[in-house]
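So the structure is just underneath, and the comments pick up after that.
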DNA sequence: GCCGTTTTCGGCCCGACTGTTTTCAGTCG
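This is how it looks when you write it as structure tokens:
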């Protein structure tokens, strides 16, 4: 049981695929398979769980999702209740092909059907074997060249690691972006796609370049040393596989099409489709080259995104919000004007320069790499005004967690440092050889907060008592063990923590590590409800392998009036840069500056805590 | 199969690249 949205979407997508394979030229079937595919995409982008929706509201809940009608809703219901869809079984009894073909890019249902009709295959292994044995080249419509290309595509499928955490590839992606921007004649070069939308993980890296010499840019791109294989190229586009296994696409357009191309290539796909539908309804046509007036046959916009959105009756939408989750409705100029008298999300979204403090920072007193003083120095250098020192507590043995005496000792030291920081020469010794810019002038007003990342035990209690915690400026708590308890127990551990009057923030609430572990199960709406009642802050841990809370959870939290903190979880000064990824997730969750507690100056932030 | 400010029928986003199709189907994003 417990069907994820991804599993449901995959089933619908495979139904679409099988319908496409078995389609008799009739147009009706053609649109039927598209309907299944559209429903699958919709579900993939949904912020709520279909199963939860079904359990709380029944089939009516499913029908409330656009693109899901009676027929598809009843199949989802069947899948949730019986773990099967008879319609799918029936299709598969006619075409017994493994669902993995969905992930084999470049070979679609039509190609596969032509092969299937002549050679018995069931899965990708069979297909590879048939190609190696030369059984495909003689099928009508195929050739030796096509057979070779099938083998290449299978190799690509096997090589491809699914998705990379955004922070892991960030420097590499930016390096190529800089390289492209330095090609002679290039006016602009930018990384677009899910990277620009700040998705937590990235599959493909897409670049957009504005230049009047596309051939030169394309040749330079496909000949970079980072390129392992050229998958295709034409007069405006190129597709390559990079050495790290990722696919990368390049689109080159003239300056006057830059905005249209940026809009098209940033996505997401459904956002783009909806914009093109709006264009169509206004007798306009939108593509990657511009916005055109159909009746007059002339281009009316294209150089900037803003002018295109404006001509469609919309305010500009930040890339992080372009996920087809209601942002188009929100940006309609009429809606916008009403809201904008006070509270429009789009104009108030938390910005990349808005954080004033960082509420989770570690030092070499436990598992961090540097001292409090060094972490402070670099934080000031980074432009922050305060940090909380949140070393682990005693029951987390692996990090040499602090006991009560050590914790109080550290708090005393921090208190002294706060006094000394105001004197002119205090950091002189430390600064020697470490100064990178002149932000140290901010140091005098810098505030160090005593804190801890208190360990939540299996029964939901903490490993440090409240009378000790109350001596700290701010308290964070987190789960680091017993991940496999059932959802009710895990939720109760976090709810009990939120109910604890000494705990201000719950750190990385779901415990996920991207590509390594899913995290423990948590009833997020329930936790959010208690957090709201108790004024507990939920963290967005910005370390790129965590990004926890994730975007959809952030949206649930702030929609319910819960404040978030965006923290780096830095164990080294260079890790303050992680804050960028946390802010990206917060923007994806539509968080405004007001929703983020550490966008406040230190005293206001403290005043807004539970006991503040 | 889904949808509706042209609402229960008749539409359904748009264009680049590939292969071998001399005018297009398949696939992708």
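In our numbering, the protein residues as written are 1053 to 1664.
Every residue, glycine too, gets a C-beta built ideally from N, C-alpha and C.
If you count every other CB in all the chains shown that lies within 10 Å of the CB of residue 1320, and 16 or more means buried, which is it? Here residue 1320 refers to the residue found at position 268 of the first chain. With 16 or more other Cβ atoms within 10 Å, it is buried.
CB-CB length for residue 1417 against residue 1443, believed under 8 Å: Taking the first chain and counting its residues from 1, one reaches residue 1417 at position 365. Taking the first chain and counting its residues from 1, one reaches residue 1443 at position 391. Sure, about 5 Å apart at Cβ, within 8 Å.
Neighbourhood of residue 1256 by C-beta distance below 6 Å, restricted to the same chain and skipping five residues each side: The residue you call residue 1256 lines up with position 204 of the first chain. 1299.
Whose CA, out of 1192, 1110 and 1062, lies closest to the CA of residue 1136? Here residue 1136 corresponds to residue number 84 of the first chain, with the count starting at 1. Nearest of 1192, 1110 and 1062 to residue 1136, Cα basis: 1062.
Would you mind sorting residue 1172 into buried or exposed? The rule is 16 or more other CB atoms within 10 Å of its CB. If you number the first chain from 1, residue 1172 lands on position 120. Under this definition residue 1172 is an exposed residue.
Helix, strand or coil for residue 1555 per DSSP? Residue mapping note: residue 1555 aligns to position 503 of the first chain, counting from 1. Coil at residue 1555, not helix or strand.
Of the residues 1123, 1576 and 1244, the one placed nearest residue 1558, counting alpha carbons only: Translated into positions along the first chain, residue 1558 becomes position 506. Checked all of 1123, 1576 and 1244; the closest Cα to residue 1558 is 1576.
Can you tell me whether residue 1152 is buried or exposed, with buried defined as 16 or more other CB within 10 angstroms of its CB? Within the first chain, the letter at position 100 stands for residue 1152. Burial call: exposed.
Report the residue ranges of all alpha helix (DSSP H) runs contained in full by the segment 1133–1206; include only those spanning at least 4 residues, in chain order. 1138–1146, 1161–1168 and 1176–1184
In three-state DSSP terms, what is residue 1542? For the purposes of this step, residue 1542 is identified with residue 490 of the first chain, where counting begins at 1. The answer is helix: DSSP assigns residue 1542 an H, G or I state.
Please state whether DSSP places residue 1534 in a helix, a strand or coil. Counting from one through the first chain, the residue named residue 1534 turns up at place 482. Coil at residue 1534, not helix or strand.
Between the alpha carbons of residue 1425 and residue 1308, how many angstroms are there, rounded? Here residue 1425 is taken as the residue at index 373 of the first chain, counted from 1. Here residue 1308 is taken as the residue at index 256 of the first chain, counted from 1. Going by the C-alpha atoms only, they are around 51 Å apart.
Can at least three beta-carbon pairs, one atom from the segment 1279–1297 and one from the segment 1315–1332, be found at a separation below 8 Å? no
Please state whether DSSP places residue 1644 in a helix, a strand or coil. In the first chain, the residue the question calls residue 1644 occupies position 592. Note: residue 1644 maps to strand in three-state DSSP.
Using a Cβ-Cβ cutoff of less than 6 Å, which residues in the same chain neighbour residue 1600 once the five nearest sequence positions on both sides are dropped? Position 548 of the first chain, counting from 1, holds the residue named residue 1600. Contacts found: 1560, 1562, 1564 and 1593.
Can you tell me where the alpha helix (DSSP H) with residue 994 in it begins and where it stops? Since the first residue shown for the chain is 1053 and the last is 1664, residue 994 is missing from the structure and cannot be characterised.
Does DSSP put residue 1499 in a helix, a strand or coil? Here residue 1499 corresponds to residue number 447 of the first chain, with the count starting at 1. Residue 1499: strand per DSSP, three-state reduction.
Please report the distance separating the alpha-carbon of residue 1541 from that of residue 1377. In the first chain, counting from the first residue as 1, residue 1541 sits at position 489. In the first chain, counting from the first residue as 1, residue 1377 sits at position 325. Between residue 1541 and residue 1377, the C-alpha separation is close to 31 Å.
Output yes or no for whether 8 Å exceeds the beta carbon distance between residue 1238 and residue 1269. One-based indexing of the first chain puts residue 1238 at position 186. One-based indexing of the first chain puts residue 1269 at position 217. Contact: yes.
Which residue's Cα is closest to the Cα of residue 1265: 1306, 1345 and 1659? Stepping through the first chain from its first residue, residue 1265 is reached at position 213. Of the listed residues, the one whose Cα sits closest to residue 1265 is 1306.
Among 1184, 1505 and 1189, whose alpha-carbon lies nearest the alpha-carbon of residue 1170? Taking the first chain and counting its residues from 1, one reaches residue 1170 at position 118. The residue with the shortest Cα to Cα distance from residue 1170 is 1189.
Residue environment, residue 1263, which counts as buried when at least 16 other CB atoms sit within 10 Å: Residue 1263 sits at position 211 when you count from the first residue of the first chain. It counts as buried.
Status (buried if at least 16 other CB within 10 Å, exposed otherwise) for residue 1626: Position 574 of the first chain, counted from the start, is the residue given in the question as residue 1626. Answer is exposed; the Cβ neighbour count stays below 16.
Would you call the CB atoms of residue 1460 and residue 1402 closer than 8 Å? Within the first chain, the letter at position 408 stands for residue 1460. Within the first chain, the letter at position 350 stands for residue 1402. Contact flag unset, no.
Taking the beta carbon of residue 1367 as the centre, do at least 16 other beta carbons fall within 10 Å, making it buried, or is it exposed? The sequence position of residue 1367 within the first chain is 315, counting from 1. Result: buried.
C-alpha distance - residue 1337 paired with residue 1313, whole-angstrom precision: As a position in the first chain, residue 1337 is number 285, starting the count at 1. As a position in the first chain, residue 1313 is number 261, starting the count at 1. Whole-angstrom Cα-Cα distance: 14 Å.
Beta-ladder partner(s) of residue 1468, from DSSP: Along the first chain, read from residue 1 onward, the residue named residue 1468 stands at position 416. According to DSSP, residue 1468 bridges with nothing at all.
Any idea what DSSP makes of residue 1444, helix, strand or coil? Here residue 1444 refers to the residue found at position 392 when the first chain is read from its first residue. DSSP places residue 1444 in strand when its eight states are reduced to three.
Check whether the Cβ atoms of residue 1530 and residue 1555 lie closer than 8 Å to each other. As a first step, residue 1530 must be located in the first chain, where it is residue number 478. As a first step, residue 1555 must be located in the first chain, where it is residue number 503. No, these two residues do not count as a Cβ contact at 8 Å.
Any idea what DSSP makes of residue 1344, helix, strand or coil? Position 292 of the first chain, counted from the start, is the residue given in the question as residue 1344. If DSSP states are grouped into helix, strand and coil, residue 1344 belongs with the strands.
Does the count of Cβ pairs from the segment 1120–1133 and the segment 1086–1105 closer than 8 Å reach three? yes
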